[in-house]
Structures are given as C-alpha cells and as structure tokens.
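Residue numbers (this note's numbering): 201 to 402. Where a beta carbon is used, it is the ideal one built from N, C-alpha and C, also for glycine. To start, the structure itself, in structure tokens.
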C-alpha cells in the first residue's frame, strides 16, 4: 500500500504589520531597559572605584606629608663648590638668633633641583625633631629683606593645592603640611584638591 501524506492541520497565524510593530516595540523597550540598568550599574561602579582611588591617593599623600614633618626648605642661600649644607643651615639659624641649634639637631641636608646660573638651588634639611624644625620655622619672619626664605617641605599634591589656593584667595599659608585659608572670618584647613575645589565653588 502506498504511504499516506498527512495534512498539516495547524492553523497558520498571520500577524498584521501593526501587530508586528507592537511586538518589535515591546522587545526593543525591554532591551533598552536592560541596557539602561546595566549602564547605570556600570556608571555607579565606576564612580565608586574613582572615589576609592581618590581616597587611596589622599591617604598616600597624607602619609608622605607626615614623613616630611621634620623637613624644611631654605631658599636664597648662596651656592658654592665644596660647601657644607649643614653649616649653611646653621648660618641661617644664627640669623634667626637661634645659636643654640647645632649639627646634632640636623639629621641630613642637601641641595635639591637642577643647578642654575640665575639663582641658588634650595636646601632641604631634615631635623632630628619636629620641635627644632618648628623653632626655626616660627622665627622665619626675621629673614625678611635678607633674600632668604624658609618654607615647609610639601608633597607635589600639597604644593599644587597651595598654588591654586594662592590664585583664588588672599590669605593662604601652610602649617604642618596643611594648607590654611582665611576667607573672611573663617579659617579652612585643606588637605585635598577636592576640598579646595568645593571651597572655591561655594
């Protein structure tokens, strides 16, 4: 007997263009919603990672600045071949009427930066104690008019903060590695560029 061919009795569903458009729109909407949620998640995570990175940078900078607390930078001291920078530091101390300070108070000292025919390089000095460092730093006003100046040894980040603060405020100085800004009657202690930008933006 010959094989019988079964007829397909399943009804054929025909969708109109309008129905197809609605289905396509529903699918597109769902895809867009999923993509938007994914994009929001990625953006949020990126912001979190950026905040974590900024916090790590701030902590690292704060640690580096703490390690410089016993340091000072002395500018304007004549530079000569074969000089002893410890002796030069003591000469500056004598100008400040701090003759009790001796080489035993100095941990180490040296010139920093590239040599220049125009001006002497700064001397960076690390004192044995913060107390000695402060004694010299607090007397620095006595050097006014001498061509010599004394500044704190700031990290590159703190120096950038100080420079930007100078550009935006009239009364700015550093104290213990912290940038102090007097704005009217208020005093602000700034350790990060973010805090400075927030203050400038007010």
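Of the choices 241, 237, 269, 294, whose alpha-carbon is the least far from that of residue 342?
-> 294
Exposure label - residue 356; buried when at least 16 CB within 10 Å = Residue environment analysis places residue 356 among the exposed positions, since fewer than 16 neighbouring C-beta atoms fall within 10 angstroms of its C-beta.
My guess is that residue 305 and residue 285 are in contact by the Cβ rule of under 8 Å, so how many angstroms apart are they, rounded?
-> 14 Å between Cβ atoms; not a contact.
Spell out the partners DSSP gives residue 352 in its beta bridges.
-> 272
Kindly list the residues whose CB is nearer than 8 Å to the CB of residue 354, restricted to its own chain and excluding five residues on each side of it in sequence; keep chain order.
-> 265, 268, 362, 374, 377
Anyone know if the C-beta pair for residue 171 and residue 329 falls short of 8 Å?
-> No information on residue 171 is available, as it lies outside the stretch 201 to 402 that the chain covers here.
With DSSP as the reference, label residue 248 as helix, strand or coil.
-> Correct three-state label for residue 248: helix.
With a threshold of 16 other CB atoms inside 10 Å of the CB of residue 397, please say whether the residue is buried or exposed.
-> exposed
Contact under 8 Å by Cβ, residue 298 with residue 339 = yes
In terms of residues, what are the limits of the beta strand (DSSP E) holding residue 322?
-> Unbroken beta strand (DSSP E) run through residue 322: 322-327.
When DSSP builds the beta bridges, which residues end up paired with residue 375?
-> Here residue 375 is bridged, per DSSP, to 378.
Euclidean distance between Cα positions of residue 382 and residue 243 | 37 Å
Under 8 Å, do residue 320 and residue 277 count as touching if we go by C-beta distance?
-> At the C-beta level, residue 320 and residue 277 come within 8 Å of one another.
How big is the Cα-Cα spacing for residue 248 and residue 351?
-> 36 Å
Take the Cβ of residue 327 as the centre, count every other Cβ of all protein chains shown within 10 Å, and call the residue buried at 16 or more, exposed below.
-> buried
Based on the DSSP secondary-structure assignment, which residues constitute the bridge partners of residue 307?
-> DSSP, once it has assigned bridges, lists no residue as partnering residue 307.
Identity of the residues DSSP links to residue 386 by a beta bridge | 383
Would you call residue 333 buried or exposed, if buried means 16 or more other Cβ atoms sit within 10 Å of its Cβ?
-> buried
Which word fits residue 325, buried or exposed, when buried means at least 16 other C-beta atoms lie within 10 angstroms of its C-beta?
-> buried
If you count every other CB in all the chains shown that lies within 10 Å of the CB of residue 238, and 16 or more means buried, which is it?
-> exposed
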